[in-house]
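Peer 1: Take a look at this one; I'll ask things after.
In our numbering, the protein residues as written are 336 to 466.
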């Protein structure tokens, strides 16, 4: 992307200063994940062209792929009609999910329970604990 800084004034961040960001593979439409962004992580994403989120558990930037190498190269950023949700269209390098799956949305409601509809493509231990 490497675009000029984006005017974020119309976006509706929640009381914690966060906005949900749905990440989608730009050429297939596959939904990869949902994460949160704050103003600074969104500005970092626009500036670098690589997805950067806000980790609520760690209370810091989460540059996607920083540990795993599975980065998200941003192709476009959209917002919905209420400007309270973002759609980040990316070129996903590697897998998006920490479970080793392409998408975090691999569980489907079926027969009263959640069924995995895709298998891991890589072993998460090899992503986060390389030898």
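Note that the Cβ used here is the ideal one computed from N, Cα and C, for glycine as well. Since we're looking at a predicted model, the values are computed, not measured.
Note down the Cα distance separating residue 372 from residue 448, rounded to an integer number of angstroms.
Peer 2: When rounded, the distance between both Cα atoms is 31 Å.
Peer 1: Using DSSP with H/G/I as helix, E/B as strand and the rest coil, what is residue 463?
Peer 2: Here residue 463 sits in helix by DSSP.
Peer 1: Name the residue from 358, 353, 349 whose alpha carbon lies nearest to the alpha carbon of residue 425.
Peer 2: Selected option, being the one with the closest Cα: 358.
Peer 1: Using 8 Å as the threshold, is the C-beta distance between residue 363 and residue 463 below it?
Peer 2: Not closer than 8 Å, so no.
Peer 1: Helix or strand or just coil, what does DSSP make of residue 401?
Peer 2: Coil, per DSSP.
Peer 1: Find the nearest neighbour of residue 435 within the set 387, 451, 342, judged by alpha-carbon distance.
Peer 2: When each option's Cα is compared against that of residue 435, the closest is 451.
Peer 1: What residues match up with residue 387 in a beta bridge as DSSP calls it?
Peer 2: Residue 387 pairs with 398.
Peer 1: Using only alpha-carbon positions, find the residue among 366, 356, 346, 353 that is nearest to residue 438.
Peer 2: Checked all of 366, 356, 346, 353; the closest Cα to residue 438 is 366.
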